[in-house]
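Trainee:
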Amino acid sequence: ISNLRISEETFHRQPNMYTPPVIRKLLTFAVTVAVNYHSCTGFSPFQQIFGGATQPSTSSASGVPPIQVGNPNNPLIQRANEFIYAKSGFYSESDPEWFSDDFVFRGPYIGPLNKSDYLSTMNTFNIWKAIPDISPNAFGFTIDPKDPNRVWFFVKNTGTFTGEDGFSLGDLVAFPPTGDSLDGAPETFSIIFDGTDGNRIKSLSVGYVNDRFEGNTNGDGAAVGIFRVIGLPFPKGPGPFLRFSQWFGTEVYNVGAYSYSKD
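Note that the working numbering has the sequence shown beginning at 620, numbered continuously upward.
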């Protein structure tokens, strides 16, 4: 209220007896509105009209902590961004040197996968070849407040199923390109780095959908969301059929794509 430059004494001072009643009422009404406006918004209407600061109030009395925003210059955020676009095996060819030996991948349907099984699965899917213009459109990078080696961010996948060889899983499934467009739901990703000088990746979690009503992936993320778009059958939600298909594809007829690692 101090920004309004109206003291309490002035506010409660009796108006001059010669001031017309209508003017007194208008002045009282204007001051009341200004005080309430400042109380609710932290801004002074007088400052906005006559100039001056227009920043919201930062009074500690509100009890609201400062907003935490990720620093794009943070080396781990930059490394996470480079990985997801150019090294992951999903949006581009994989680079094994980026993964620690104890790497673990986890998703809603697939995982946990160790380093070897993850790379084999990515090389079998070759999503980035089936959808040559695929992009994660990653945004919202930030460091976990309790784990300085963990980066969180969101993706909203886009792309077009136009790859010359289509999509296949060995001799089991083959889908020719259809030209279908991918409009992914927003997903949460996280990467945990090992904290060494090389900052290799020891954990990758993907595919956790934030809003299943967005996009055209029927509420699923990661590879499963893409399967929905291109027409590849995949069980919806957890259940015995999904568990059986995961077991069969990993233990009985494995073409290089794993649902989970056995060790």
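Beta carbons are placed, not taken as given, at the ideal position from N, Cα and C, and that holds for glycine.
1) Could you pull the DSSP bridge partners for residue 793 from this structure?
2) Report the start-end ranges of each beta strand (DSSP E) in the stretch 739–780 that is 3 residues or longer and not cut off at the edges.
3) Name the DSSP beta bridge partners of residue 806, please?
4) Just how far apart, CA to CA, sit residue 846 and residue 682?
5) Given this structure, state the Cα-to-Cα distance separating residue 799 from residue 757, to the nearest angstrom.
6) Would you kindly check if the distance between the Cβ of residue 724 and the Cβ of residue 737 is under 8 Å?
7) Run through the DSSP bridge pairs and tell me what residue 822 is partnered with.
8) So what does DSSP say about residue 709, is it helix, strand or coil?
9) Quick test of the definition: if touching needs 3 or more C-beta pairs under 8 Å, does the stretch 803–815 touch the stretch 829–842?
10) My assumption, with CB atoms under 8 Å, is that residue 774 sits in contact with residue 696. Please give the rounded CB distance.
11) Between the beta-carbon of residue 812 and the beta-carbon of residue 824, is there less than 8 Å?
12) Assuming residue 840 and residue 850 form a contact by the criterion Cβ under 8 Å, report the distance between their Cβ atoms to the nearest whole angstrom.
Mentor: The answer reads as follows:
1) As a beta-bridge residue in DSSP terms, residue 793 pairs with 787.
2) Taking only runs of at least 3 residues, the beta strand (DSSP E) segments lying wholly in the stretch 739–780 are 758–763, 766–774 and 777–779.
3) Answer is 774 and 828, bridged to residue 806.
4) CA-to-CA, the gap between residue 846 and residue 682 works out to about 46 Å.
5) Their Cα atoms are separated by approximately 21 Å.
6) Yes, these two residues count as a Cβ contact at 8 Å.
7) Residue pairing of residue 822 in beta bridges, as defined by DSSP: 723 and 811.
8) Residue state, collapsed to three classes: coil.
9) The stretch 803–815 is in contact with the stretch 829–842.
10) Between the beta-carbon of residue 774 and that of residue 696 there is about 14 Å, and that puts the pair past the 8 Å contact cut.
11) No, Cβ-Cβ distance for residue 812 and residue 824 is not below 8 Å.
12) With a beta-carbon spacing of about 17 Å, residue 840 and residue 850 fall beyond the 8 Å limit used to define contacts.
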